[in-house]
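All residue numbers for the sequence shown refer to the UniProt record's numbering, where the first residue is 1 and numbers rise by one.
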Amino acid sequence: MSSFKADVVIVGGGFAGVTAARELTQRGASVILLEARDRLGGRTWTRDSDLGKSLDFGGTWVHWIQPHVWAEIERYGLPLVNSPSPDTALWQSGGQVKRGTAEEMFALLDPGMTAVLADSAALFPNPYRIHPMSDEVKGIDDITVAEKINELGLDDEQQALVEGMWALNFSGRPEVSAYSQGLRWCALTGGNWQLLFEACASFKLADGTKALLDAMTAQTTADIRLNTRVRGISSGTDGARVELTTGEVVTARQVIVTLPLNILNSIDFTPALPSDLRAVAREGQASTGCKVWVRVKGSIGHVAALGPSSCPLNFFQFEYDVDGDSLIVAFGPDAHAIDITDRAAVETALQQWIPDIEVLAIDAHDWVADELARQTWPMLRPNQLEAVQTAAHSAFGRVRLAGSDYAEGWAGFIDGAIESGKRVAVRALADLHP
Numbered sequence: 001m002s003s004f005k006a007d008v009v010i011v012g013g014g015f016a017g018v019t020a021a022r023e024l025t026q027r028g029a030s031v032i033l034l035e036a037r038d039r040l041g042g043r044t045w046t047r048d049s050d051l052g053k054s055l056d057f058g059g060t061w062v063h064w065i066q067p068h069v070w071a072e073i074e075r076y077g078l079p080l081v082n083s084p085s086p087d088t089a090l091w092q093s094g095g096q097v098k099r100g101t102a103e104e105m106f107a108l109l110d111p112g113m114t115a116v117l118a119d120s121a122a123l124f125p126n127p128y129r130i131h132p133m134s135d136e137v138k139g140i141d142d143i144t145v146a147e148k149i150n151e152l153g154l155d156d157e158q159q160a161l162v163e164g165m166w167a168l169n170f171s172g173r174p175e176v177s178a179y180s181q182g183l184r185w186c187a188l189t190g191g192n193w194q195l196l197f198e199a200c201a202s203f204k205l206a207d208g209t210k211a212l213l214d215a216m217t218a219q220t221t222a223d224i225r226l227n228t229r230v231r232g233i234s235s236g237t238d239g240a241r242v243e244l245t246t247g248e249v250v251t252a253r254q255v256i257v258t259l260p261l262n263i264l265n266s267i268d269f270t271p272a273l274p275s276d277l278r279a280v281a282r283e284g285q286a287s288t289g290c291k292v293w294v295r296v297k298g299s300i301g302h303v304a305a306l307g308p309s310s311c312p313l314n315f316f317q318f319e320y321d322v323d324g325d326s327l328i329v330a331f332g333p334d335a336h337a338i339d340i341t342d343r344a345a346v347e348t349a350l351q352q353w354i355p356d357i358e359v360l361a362i363d364a365h366d367w368v369a370d371e372l373a374r375q376t377w378p379m380l381r382p383n384q385l386e387a388v389q390t391a392a393h394s395a396f397g398r399v400r401l402a403g404s405d406y407a408e409g410w411a412g413f414i415d416g417a418i419e420s421g422k423r424v425a426v427r428a429l430a431d432l433h434p
């Protein structure tokens with residue numbers, strides 16, 4: 001190729017893609033960002049809701065222990081709000097709903113969670129340097145978190161809580177979720193599972209994740225093209241061709257692809273991506289759950305509930321008061337187990353917890369059914385880590401991969417997407433100017 005339309009084409013406009021675009025253009029590279037949706041943000045999405053507030057329907061929570069996203073929040077001076085701390089906790093044992101304080105529920109969780117994660121620091125002494133994988137990590141990467149829980153001999157009450165916590169963390173079923181993924185997460189908090197839970201459910205951007213996305217997007221000169229789908233990418237010795245579904249071809253010296261792993265095989269790569277990575281994409285990750293916002297009649301108080309993965313909605317917590325009603329956010333580990341667009345179905349699921357609860361309205365986005373995602377946040381199955389991390393550190397001709405799926409640190413979080421976007425931008429710049 002003798003001429004190129006851009007130095008770098010970025011496929012996907014989530015946080016990884018926008019981060020890479022900002023980093024590259026601020027260093028003089030020309031960038032075309034191709035996004036299949038009619039908006040930026042990927043699996044984050046802030047929008048107005050008929051429930052009475054603007055809400056985040058994808059990634060939401062951030063924490064000061066996450067260095068990349070927190071640095072961006074401080075850089076742009078963005079305000080934060082806290083999710084309310086629960087006064088009341090609900091959990092299940094023997095088919096009965098139990099009620100107590102959050103401290104009582106955490107006391108029941110602590111022995112099992114501590115035991116599951118006891119080896120996190122030993123196996124991942126530096127969780128930002130997990131590639132190449134050690135022999136010790138390879139030796140446990142075929143274990144599911146359910147198998148690890150079952151080794152502990154917990155009583156039924158503790159078993160249901162610990163299993164439910166991991167179903168929540170994975171947005172999926174613990175029996176297909178990699179034990180190594182849980183260890184990676186907890187290693188980032190120094191082995192403290194309660195700090196990990198705090199990172200998952202405490203701080204939110206006051207104006208939604210879009211506030212950060214918009215601030216970052218404003219600092220790139222990339223040519224951003226929405227509603228633009230990619231069919232294939234071919235690499236040559238001097239550049240790459242990106243073929244759109246319209247038949248148009250965009251040429252570039254480098255390409256960065258930020259698609260979720262579960263739809264990576266929707267693009268035809270020439271030469272083909274490694275067979276082990278394509279196998280991971282075919283198998284799919286563990287994250288097959290759902291998230292739904294629910295407006296409930298009246299005040300239910302500052303309550304949180306955690307149940308086993310057999311519950312269609314196994315976690316919910318109070319978030320906002322809206323004109324005297326309660327706005328809660330609920331999660332389930334299996335998007336196929338409940339129709340999150342059906343008010344009556346959501347009400348029935350919540351009545352397992354509070355029999356007289358009355359659901360007025362719901363709002364949600366089904367990420368598993370979404371053809372541009374097919375997953376929620378990135379969470380690996382057993383025997384996927386090595387292929388994914390090797391891909392994260394490799395170039396495939398003129399192509400590199402980025403996204404929270406490929407983060408070394410906070411994989412599954414906005415922080416991981418920003419980390420990956422920064423890393424791949426530096427490598428692309430080095431390739432542009434060897």
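C-beta: ideal position from N, C-alpha, C; glycine also.
Element boundaries [alpha helix (DSSP H), containing residue i]
i: Ser54; result: Taken as a continuous stretch (DSSP letters only), Ser54 belongs to no alpha helix (DSSP H), being part of the beta strand (DSSP E) at 54-56.
i: Gly164; result: 156-170
i: Trp70; result: 67-76
i: Asp339; result: No alpha helix (DSSP H) holds Asp339; DSSP gives it neither H nor E.
i: Thr25; result: 15-25
i: Glu198; result: 193-201
i: Ala222; result: Taken as a continuous stretch (DSSP letters only), Ala222 belongs to no alpha helix (DSSP H), as it is neither H nor E.
i: Ser93; result: No alpha helix (DSSP H) holds Ser93; the beta strand (DSSP E) holding it covers 88-93.
i: Arg231; result: Element bounds for Arg231: not the alpha helix (DSSP H) but the beta strand (DSSP E), 230-235.
Closest by C-alpha distance to residue i, when choosing among the options
i: residue 438; options: Ile414, Gln254, Glu319; result: The chain is shown only over 1 to 434; residue 438 falls outside these bounds and no answer can be derived.
i: Leu313; options: Ser49, Ile328, His393; result: Ile328
i: Lys5; options: Leu33, Gln26, Gly17; result: Leu33
i: Leu212; options: Thr60, Val9, Asp431; result: Thr60
i: Thr245; options: Gly28, Ser3, Gln26, Glu35; result: Glu35
i: Val145; options: Val359, Asp155, Arg184; result: Arg184
i: Phe106; options: Ala411, Glu157, Asp142, Asn126; result: Glu157
i: Ala337; options: Ala281, Lys297, Leu168, Cys290; result: Cys290
i: Ile414; options: Arg229, Val9, Gly14, Val8; result: Gly14
i: Ser404; options: His393, Ala391, Ser420; result: Ser420
i: Ala407; options: Trp377, Gly191, Thr228; result: Trp377
Own chain, CB closer than 7 Å to residue i, minus 5 neighbours either side, in chain order
i: Arg427; result: Arg400
i: Met113; result: Val162, Met165, Trp193
i: Ser180; result: Val137, Ile140, Asp141, Leu385
Residues of its chain near residue i, where Cβ-Cβ distance is below 8 Å and the 5 sequence neighbours each way are ignored
i: Phe396; result: Ser235, Phe269, Pro271, Leu273, Pro274
i: Lys422; result: Thr19, Ala20, Glu23, His68
i: Phe318; result: Pro84, Pro86, Ile300, Gly301, His302, Val303, Ala304, Ser326, Leu327, Ile328
i: Ile65; result: Leu188, Thr189, Leu195, Ala199
Sequence-distant residues of the same chain with beta carbon closer than 6 Å to residue i, five excluded per side
i: Ala286; result: Phe170, Gly172, Val176, Ser177, Met379, Arg381
i: Leu259; result: Gly12
i: Gln375; result: Pro260, Asn262, Gln285, Ser287
i: Arg241; result: Ser234, Val249, Thr251
i: Asp363; result: Ser49, Leu51, Trp293
i: Ser3; result: none
i: residue 440; result: Lying outside 1 to 434, the shown extent of the chain, residue 440 is not represented and no answer is given.
i: Ala391; result: Leu277, Leu401
N- and C-terminal bounds of the beta strand (DSSP E) containing residue i
i: Gln254; result: 249-257
i: Glu243; result: 240-244
i: residue 512; result: The requested residue 512 is not part of the displayed model; the chain covers only 1 to 434.
Closer than 7 Å: residue i CB and nearest the ligand FMN heavy atom
i: Ala391; result: Annotation note on the ligand FMN: not contained in the displayed structure, which lists no ligands.
8 Å Cβ cutoff, residue i in contact with chain D
i: Ile362; result: Given the protein chain composition of this structure (a single chain), no chain D is represented.
Which complete alpha helix (DSSP H) runs does the region 407-434 hold, if anything under 4 residues is left out?
414-432
Counting Cβ pairs, one atom from each stretch, are 3 or more of them under 8 Å apart for the region 351-359 and the region 115-128?
no
Report yes or no: do the region 35-53 and the region 69-77 share at least 3 C-beta pairs separated by less than 8 Å?
no
Check whether the region 338-349 and the region 194-206 are in contact - that is, three or more C-beta pairs closer than 8 Å.
no
Does the count of Cβ pairs from the region 96-106 and the region 218-238 closer than 8 Å reach three?
no
In chain order, which continuous runs of the alpha helix (DSSP H) of length 4 or greater are located wholly inside the region 260-331?
275-283
Enumerate, from N- to C-terminal direction, the unbroken beta strand (DSSP E) stretches of 3 or more residues contained entirely within the region 97-151.
none
Complete runs of the alpha helix (DSSP H) confined to the region 340-399 [at least 4 residues]:
343-351, 385-392
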